[in-house]
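Under the working numbering, think of the first position of the sequence shown as 5, with each following residue one higher.
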Amino acid sequence: MMTKVATISQDIEKRGQSIFGQGNLLTLDEINDYSLEFLELFVLLLQAGEKVDRRSSEHKALRQFFSNFSQQIQIRGGNLEEFVRFIHFMQDVFLNNLETDSTLDFQQTREILLLLASVFNDIILDVFHVYLAEKERTIQAQQEELKHTSTPITEIWDGVLTLPIIGTLDSSRTMSVMENMLARIEKDRAKVVVIDVTGVQAIDSQVSHHLIQMIRAVGLMGAKAILTGIRPEIARAITSLNIDLSMVSTRATLSEGLKEAFALLSITVLAADVQHH
């Protein structure tokens with residue numbers, strides 16, 4: 005098999021060009037470099053012979069190579085299924101050459117077959133782990149971004165902040181929103197915070213607990229909280245949960261909440277005169 009390295013290299017590089025070159029995932033030079041590096045590592049693995057196991061440096065080096073390779077393909081928008089097919093193709097190339105290698109006896113052939121099966125199985129598992137880890141990182145980044153974009157805190161008047169909450173409130177998100185809200189109260193010297201829950205689909209005991217936490221935090225900063233967007237179904241849910249909101253000013257709509265906020269600060273809003281010519 006060692007004498008057929010050049011043929012194996014050409015086969016792998018050709019398949020790599022058809023998979024990664026057409027989608028512009030890799031340049032021809034990169035495909036060539038990856039193919040040569042893979043073969044160098046695999047030759048070292050074969051040369052190690054009986055010393056090879058999962059703890060050997062040769063085995064670890066080859067698995068690390070594929071982890072890095074698959075991560076690079078994934079970052080560039082590559083398809084996991086195609087990458088796994090490419091790995092299976094590599095394995096088939098070695099198997100096909102092994103079948104036609106007359107220099108190996110039965111025992112040598114058996115050992116290489118077992119080595120191929122073990123190594124490529126580990127490689128495919130590693131690739132899936134890389135894929136899942138990258139997916140998890142992407143999901144976490146999106147969730148972190150959503151925490152900020154879905155709860156914009158806006159100063160709509162001197163001393164008046166609005167905080168529209170959309171979606172659900174879990175412990176992690178509540179802490180993030182609360183930290184941002186308290187920072188804005190301090191920065192803008194806000195006197196009133198209008199918390200609008202129109203975008204909250206359902207209120208359970210956990211969500212209500214988080215809301216009360218936020219309202220108390222506003223009070224501790226010396227500001228007043230007004231809770232708006234209490235739809236009939238939300239009001240019924242709050243009542244059924246025996247939640248005491250008597251210390252909170254509540255209004256049905258954001259507009260009504262803003263009117264109360266202005267009244268608390270003795271702000272009078274007049275309609276602009278519109279003149280028709």
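In this text, a Cβ means the ideal position worked out from N, Cα and C, and glycines have one as well.
Asked	Found
Taking all protein chains shown into account, do 16 or more other C-beta atoms lie within 10 angstroms of the C-beta of serine 244, making it buried, or fewer, making it exposed?	exposed
Comparing C-alpha positions only, which one of Ala239, Tyr38 and Arg114 sits nearest to asparagine 72?	Tyr38
Taking the beta carbon of isoleucine 219 as the centre, do at least 16 other beta carbons fall within 10 Å, making it buried, or is it exposed?	buried
When you compare the CB positions of valine 197 and leucine 167, do they come within less than 9 Å of one another, or not?	yes
Which full runs of the beta strand (DSSP E) of 3+ residues lie inside the region 175 to 211, going along the chain?	196 to 203
Is proline 168 helix, strand or coil when you go by DSSP?	strand
Please report the distance separating the alpha-carbon of asparagine 28 from that of threonine 178.	43 Å
With a 10 Å radius around its C-beta and 16 neighbouring C-beta atoms as the bar for buried, classify methionine 94 as buried or exposed.	buried
Would a C-beta distance cut-off of 9 Å place leucine 66 and serine 74 closer than the cut-off?	no
With distances taken between CB atoms, is the gap from valine 9 to leucine 43 smaller than 9 Å?	yes
Using only the alpha-carbon positions, how far apart do proline 156 and alanine 121 sit?	54 Å
Give me the Cβ distance between leucine 269 and glycine 163, rounded to the nearest whole Å; I'm assuming they're in contact under 8 Å.	6 Å
Got a sec, what are the start and stop residues for the beta strand (DSSP E) isoleucine 160 sits in?	158 to 161
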